[in-house]
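Here the structure is laid out as structure tokens; the discussion comes afterwards.
2 protein chains.
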Amino acid sequence: MKVLIVEDDPLHRSYLHEAVNAALPECDTVIEAENGTVGEKLARDHKSAHIVMDLQMANRNGIEAARTIWKERPETRILFWSNYSDEAYVRGVSRIVPDGAAYGYVLKSASDERLRLALRSIFIESQCVIDREVRGLQQKSLGQTNGFTDSEYEILVDIALGLTDRAIAKRRNLSLRSVQNRLQQLYDKLDVYQSAGDDHEDGRFNLRARAVTVAFLRKLLNYSALERAEAELQEWLDGK
Amino acid sequence: MKVLIVEDDPLHRSYLHEAVNAALPECDTVIEAENGTVGEKLARDHKSAHIVMDLQMANRNGIEAARTIWKERPETRILFWSNYSDEAYVRGVSRIVPDGAAYGYVLKSASDERLRLALRSIFIESQCVIDREVRGLQQKSLGQTNGFTDSEYEILVDIALGLTDRAIAKRRNLSLRSVQNRLQQLYDKLDVYQSAGDDHEDGRFNLRARAVTVAFLRKLLNYSALERAEAELQEWLDGK
DNA sequence: CGCCGTCTTGCGTAAACCCGCAGCTTGTTG
DNA sequence: CAACAAGCTGCGGGTTTACGCAAGACGGCG
Numbered sequence: 004m005k006v007l008i009v010e011d012d013p014l015h016r017s018y019l020h021e022a023v024n025a026a027l028p029e030c031d032t033v034i035e036a037e038n039g040t041v042g043e044k045l046a047r048d049h050k051s052a053h054i055v056m057d058l059q060m061a062n063r064n065g066i067e068a069a070r071t072i073w074k075e076r077p078e079t080r081i082l083f084w085s086n087y088s089d090e091a092y093v094r095g096v097s098r099i100v101p102d103g104a105a106y107g108y109v110l111k112s113a114s115d116e117r118l119r120l121a122l123r124s125i126f127i128e129s130q131c132v133i134d135r136e137v138r139g140l141q142q143k144s145l146g147q148t149n150g151f152t153d154s155e156y157e158i159l160v161d162i163a164l165g166l167t168d169r170a171i172a173k174r175r176n177l178s179l180r181s182v183q184n185r186l187q188q189l190y191d192k193l194d195v196y197q198s199a200g201d202d203h204e205d206g207r208f209n210l211r212a213r214a215v216t217v218a219f220l221r222k223l224l225n226y227s228a229l230e231r232a233e234a235e236l237q238e239w240l241d242g243k
Numbered sequence: 004m005k006v007l008i009v010e011d012d013p014l015h016r017s018y019l020h021e022a023v024n025a026a027l028p029e030c031d032t033v034i035e036a037e038n039g040t041v042g043e044k045l046a047r048d049h050k051s052a053h054i055v056m057d058l059q060m061a062n063r064n065g066i067e068a069a070r071t072i073w074k075e076r077p078e079t080r081i082l083f084w085s086n087y088s089d090e091a092y093v094r095g096v097s098r099i100v101p102d103g104a105a106y107g108y109v110l111k112s113a114s115d116e117r118l119r120l121a122l123r124s125i126f127i128e129s130q131c132v133i134d135r136e137v138r139g140l141q142q143k144s145l146g147q148t149n150g151f152t153d154s155e156y157e158i159l160v161d162i163a164l165g166l167t168d169r170a171i172a173k174r175r176n177l178s179l180r181s182v183q184n185r186l187q188q189l190y191d192k193l194d195v196y197q198s199a200g201d202d203h204e205d206g207r208f209n210l211r212a213r214a215v216t217v218a219f220l221r222k223l224l225n226y227s228a229l230e231r232a233e234a235e236l237q238e239w240l241d242g243k
């Protein structure tokens, strides 16, 4: 059994290396990659079916790497090991995991024991292991209550990218007015009004910009999500 | 001699601990804090004059902690030790460093030897040590060419927060038109047009939102900068 | 089938935004 | 002091946003 570790930080990488050795005596080879690009390549070359993957890497982040890896070999088991449980990450991951794939999401703050258990559960038992903190987010996020629909999230990303209403309409095949409807929904859910109105007519916010900020502060968006969205946008622009 | 380490990540913390011991035999005590809040408190209690500080911590980030520490004791020597050299961080740090203070900025990717040298230079020799990569940014950023004026940066932050032109005018004591002038400058420097116009009248961008995105992608803004700016904004709002 | 909720679309309006033009106030320089 | 660059400000107008109102479209459900 081979395990591939994809992780930016040398310290974390060697920690992981040891953790894998300790948790999985049946594992005979551990290989390491220091960014997403190298990770993809090694996964391909070694046909590795067991991967521990950091999110947030400089060169090519974990989500992108995981997506291409899963596209090539959907049965690959990936344990995501991240510092944060930003909703943006959680959403990003659950968007790309193939049906029935075994994967995990463990925070770096987890104990050695928890990491050990996760490694065994996923790689040996093929079970999904989601950190309870992450799990909570997932439920709230994907459920209706207090959560964002895909269409709402979509439009959030679009204004975050800086598209005009018209451009969004074109991209999503909607009428101008529909785009604006969705924006209103979004503003509603993000609570952009209360902070805005507030009696005083001076303290007014630009709803569109404010929505993006609030989303950022709430970790609904983060750098890596923006980066991915920007790449998709460029693709679309080139495609026509 | 005492050294205070303020760092989120346990692995990095113990690595730093060892590095300090190795580099500074004259140091007899090393204390650790796992976030900015605790860091401030320990710095105060121990009157520590030598600090190694991570930027980007969950609870209270390094810049905020450093600011209050320096406010209380400006002669404190701080070595910032960070994963990234985002322009937002660099700008944030140089904004708060007191006149004549000895400080340093070293990337986590630096070699052991470089970290050792930085520790000795700052803590023993009272010299500033800025990673050359960071240094480059600093020059470019604070110089005119290709860099952003304080006023431009200020307005960038304001639109990123989601303020309207009118609100910005009120906050910065400017006329509406002046605000809009600065916005134009900003749009210019951020190159929001070329990506926008592009012949096709469909691919149009919302300049205001696009500017923020571009700034984010260029690391001119990041989460921590936003967070700080938001706090300042709230303060201002409360102040009237 | 009729009723109802959700989603989409068009019309119209008030406000906000982007910006060219031009007059003023500064600080700088020869 | 004249000249000039740089920044602030008001005016005017073309676009874009935000959103109420109301008319369809679609899918469940009794």
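Protein chains in written order, with my numbering: chain A, 4 to 243; chain B, 4 to 243. Where a beta carbon is used, it is the ideal one built from N, C-alpha and C, also for glycine. Please read all numbers here as calculations on a predicted model, not as lab measurements.
- Within chain A, Leu14 have C-beta atoms less than 7 angstroms from the C-beta of histidine 15 (chain B), given in sequence order.
- Contact check for leucine 210 (chain B) against glutamate 155 (chain B) fails: the beta carbons are separated by 8 angstroms or more.
- Taken in chain order, the complete alpha helix (DSSP H) segments of 4 residues or longer contained in the stretch 167 to 197 of chain A are 168 to 175, 179 to 193.
- Within the stretch 213 to 224 of chain B, those residues whose Cβ lies closer than 7 angstroms to any Cβ of chain A are, in chain order, Arg213, Val215, Thr216, Phe219, Leu220.
- For leucine 140 (chain A), the closest Cβ of chain B is not nearer than 8 angstroms.
- Counting of Cβ neighbours within 10 angstroms places leucine 186 (chain A) among the buried residues, the total reaching 16 or more.
- Comparing C-alpha distances from arginine 70 (chain B) to each of B:Arg98, B:Val217, B:His49 shows the shortest one belongs to B:Arg98.
- According to DSSP, alanine 36 (chain A) shares a beta bridge with A:Val9.
- Straight through space, the alpha carbons of tyrosine 87 (chain B) and alanine 232 (chain A) are spaced by roughly 22 angstroms.
- The residues Ala22, in chain order, have a CB closer than 7 angstroms to that of aspartate 115 (chain B) in the same chain once the five nearest residues on each side in sequence are set aside.
- Taking 8 angstroms as the upper bound for CB-CB distance, valine 217 (chain B) and valine 182 (chain B) are not in contact here, some 19 angstroms apart.
- Nearest CB-CB separation between glycine 165 (chain A) and chain B: below the 8 angstroms threshold.
- At least one CB atom of chain B sits nearer than 8 angstroms to the CB of leucine 229 (chain A).
- Scanning chain B for C-beta atoms nearer than 9 angstroms to the C-beta of glutamate 233 (chain A) yields Thr216, Leu220, reported in chain order.
- Judged by DSSP in its simplified three-state form, aspartate 48 (chain A) adopts helix.
- Separation of histidine 15 (chain A) and leucine 14 (chain B) (C-alpha to C-alpha, rounded to the nearest whole angstrom) is 7 angstroms.
- If you check the CB distance, aspartate 134 (chain B) and methionine 60 (chain B) do not come in under 8 angstroms.
- In terms of Cα proximity to glutamate 230 (chain A), the closest of A:Gly65, A:His20, A:Asp31 is A:Gly65.
- Comparing alpha carbon positions, the residue from A:Lys111, A:Leu240, A:Lys74, A:Asp48 closest to lysine 173 (chain A) is A:Leu240.
- The C-beta distance from leucine 164 (chain A) to leucine 58 (chain A) rounds to 21 angstroms, too long to fall under 8 angstroms, and the pair is not in contact.
- With the criterion set as a beta carbon lying under 7 angstroms from some beta carbon of chain B, the stretch 81 to 98 of chain A has no members that meet it.
- For serine 51 (chain B) and leucine 140 (chain B), the gap between their C-alpha atoms comes out near 30 angstroms.
- Taking a 10 Å sphere around the C-beta of aspartate 48 (chain B), we find fewer than 16 other C-beta atoms and assign the residue as exposed.
- In this structure aspartate 102 (chain A) is exposed. Its beta-carbon is surrounded by fewer than 16 other beta-carbon atoms within 10 angstroms.
- Residues of the stretch 152 to 178 of chain A with a C-beta atom less than 7 angstroms from some C-beta of chain B are Ile162, Ala163, Leu164, Gly165, Leu166, Thr167, Arg169, Ala170, Lys173, listed in chain order.
- Looking at the backbone, the Cα of threonine 32 (chain B) and that of leucine 19 (chain B) are separated by about 13 angstroms.
- Taking 8 angstroms as the cut-off, the beta carbon of phenylalanine 151 (chain A) is found no closer than this to the beta carbon of lysine 111 (chain A).
- Inclusion of leucine 179 (chain A) and aspartate 161 (chain A) in the CB contact set at 8 angstroms is not warranted, their separation being larger than that value.
- The residue from A:Asn62, A:Val55, A:Thr79, A:Cys30 with its alpha-carbon nearest to that of threonine 40 (chain A) is A:Asn62.
- Taking serine 85 (chain A) as the centre and dropping the five residues before and after it, the same chain places the C-beta of Leu58 closer than 6 angstroms to its C-beta, in chain order.
- Taking the C-beta atoms as reference points, leucine 122 (chain B) is found nearer than 8 angstroms to leucine 82 (chain B).
- Between the beta-carbon of alanine 104 (chain A) and that of tryptophan 73 (chain A) there is about 7 angstroms, and that keeps the pair under the 8 angstroms contact cut.
- Of the other Cβ atoms in all chains shown, 16 or more fall within 10 Å of the Cβ of asparagine 225 (chain A); this residue is therefore buried.
- Asparagine 184 (chain A) is outside the set of residues whose beta carbon lies under 8 angstroms from a beta carbon in chain B.
- In this structure, methionine 4 (chain B) places its C-beta atom within 8 angstroms of the C-beta atom of glutamate 29 (chain B).
- Contact annotation: methionine 56 (chain A) and valine 9 (chain A) have beta-carbon atoms nearer than 8 angstroms.
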